[in-house]
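Visitor:
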Amino acid sequence: MVKMTDIYADIINRYGWENYKDAKERLLRMKYATLQQKLVLCDRQEFKIKGKNVVPWTDAPVIRNILMEAVNDEENNIIADWFNGKVNTDNSYKAILLYNCMKLLIMQPCICGETDEVTMNEWLATVAAAIKYPTAVHVSEITRALEDFRNNSLALAHTIGIADMVVRAEDGSRSYALRGKERDISIEGKTIDEVLEDISSQDDYFAVLGQILQKFNAHAKERAYNAILWYAEAKNLYEAKSADDAIEYESIASEYTVWYQRIHEFLESNPEICRKIEEETKVSDLSDFFRMAGR
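Sequential numbering of the sequence shown, starting at 328, is according to this note's numbering.
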C-alpha cells in the first residue's frame with residue numbers, strides 16, 4: 328500500500344510547490360475526496376490504515392496523474408473543471424471530451440511500466456461508467472443519425488390537408504364540406520416492413536419512432552426490475568448490508584460500485600418499482616442497499 332501523503336508530496340515536488348506545501352496538500356486532499364466520492368465511489372474505510380488514507384501501489388500512479396490535472400489551473404482544463412463541479416456529464420459532448428482526457432492519464436502509467444494492464448482497464452471502465460461515457464457515445468451516434476434522417480425526410484415534411492373537401496360560396500368565401508382525417512399509425516403486431524408501408528410523411532416517421540421509444544422504456548424498466556429482484560433476494564439470503572459487501576477490492580476503482588449507484592438512482596426515480604420489489608422479496612431499505620456515493 329502507498330500512503331496518500333506520499334502521493335501528495337510527489338505532486339508538490341513535481342510542481343515545485345515546496346514553499347506552499349501545507350496549502351497545496353489541503354487542496355490535494357479535497358480533490359482526492361472528490362475522486363473517491365464522485366468518480367470511483369469507493370468505501371473510504373476500506374482504504375485506510377490507522378486512520379490514514381492508503382491505496383494499492385498499482386493505483387498510485389493513476390491517482391497521481393489525475394490529481395495533478397485536478398489542481399492544474401490552466402485555462403480550458405476540463406478535468407479541473409469537473410473536479411470543481413463545472414462539467415455536466417449529461418451533456419454527451421462534454422462527457423466524451425472528459426473521458427478522452429482522463430483516458431490518456433490512466434493509460435500513461437501502464438505504458439511507462441508503473442502499473443499493470445488489469446489496473447489500467449479497471450480504471451478505464453470505472454471512469455467511463457462514472458461519467459456516462461458509453462451512453463454519451465450512443466446518444467451522439469443517434470443524434471447524428473437523426474440529423475441525417477431529418478434532412479433525408481424533409482421532402483415528406485408537409486402539412487397539406489389531404490382529402491379535405493372545400494366548397495366556395497357565391498361571395499367567394501370558402502368552407503370545409505369534409506375534413507380529411509389523419510391516420511394514426513400503430514406498430515403493434517407488425518413487422519418493420521409492414522409499419523413502413525403505412526408511412527407517408529415525416530410526421531408518420533416520428534410517430535413510429537415515439538412508439539418504439541415507449542416500448543424501449545417499458546422493456547428497460549422490466550429488465551432492470553428482474554435484475555434488481557435477484558439482488559434483493561440475495562440481500563435477504565446473505566444478510567448483506569451493502570450491495571458490494573461480497574467484493575474484495577484490489578483497486579479503489581471498480582465498475583461494480585458505479586453500477587450499484589446507478590441502480591440506487593433508478594430506484595429513487597422509480598419508487599413504485601422499489602416498493603414492488605420490497606413487497607415481493609420482504610426486504611427493506613432496498614434503495615439504500617445500492618447507494619455507493621457519499622460513504
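Where is the CB? At the ideal position from N, CA and C, for every residue including glycine.
1. If we count Cβ pairs, one from each stretch, closer than 8 Å, do we get three or more for the segment 545-553 versus the segment 424-441?
2. Would DSSP call Lys379 helix, strand or coil?
3. Which term fits Pro436, buried or exposed, when burial requires 16 or more other beta carbons within 10 angstroms of its beta carbon?
4. With H, G and I counted as helix, E and B as strand and the rest as coil, what does DSSP make of Val414?
5. Excluding sequence positions up to five away, which residues of its chain have a Cβ less than 6 Å from the Cβ of Ala422?
6. For Ile338, count neighbouring Cβ atoms within 10 angstroms of its own Cβ and tell me buried if that reaches 16, exposed if not.
7. Pop quiz: Arg622 and Asp370 are said to be a contact at Cβ under 8 Å. What is the actual Cβ separation, rounded to whole angstroms?
8. Kindly identify the DSSP beta-bridge partner or partners of Lys603.
9. Going straight from the alpha carbon of Ala620 to that of Ala472, what length do you get?
10. Compare the C-beta of Asn399 with all C-beta atoms of chain C and state if any pair is closer than 7 Å.
11. Considering only DSSP beta bridges, list what Lys330 is partnered with.
12. Just checking my contact of Phe617 with Ala570 at CB under 8 Å: how many whole Å lie between their CB atoms?
13. When the distance is taken between beta carbons, is Met328 closer than 7 Å to Asn380?
14. What would DSSP say about Ile574, mapped onto helix, strand or coil?
15. Applying the criterion that 16 or more other CB atoms from any shown protein chain within 10 Å of the CB defines a buried residue, is Glu396 buried or exposed?
Guide: Reading off the structure:
1. no
2. Lys379: strand per DSSP, three-state reduction.
3. buried
4. Coil, per DSSP.
5. Thr416, Ile458, Lys459, Tyr460 and Ala463
6. buried
7. Confirmed, about 5 Å.
8. Per DSSP, none; premise fails for Lys603.
9. 35 Å
10. Here chain C cannot be found, since the structure has a single protein chain.
11. Val381
12. 5 Å
13. no
14. coil
15. buried
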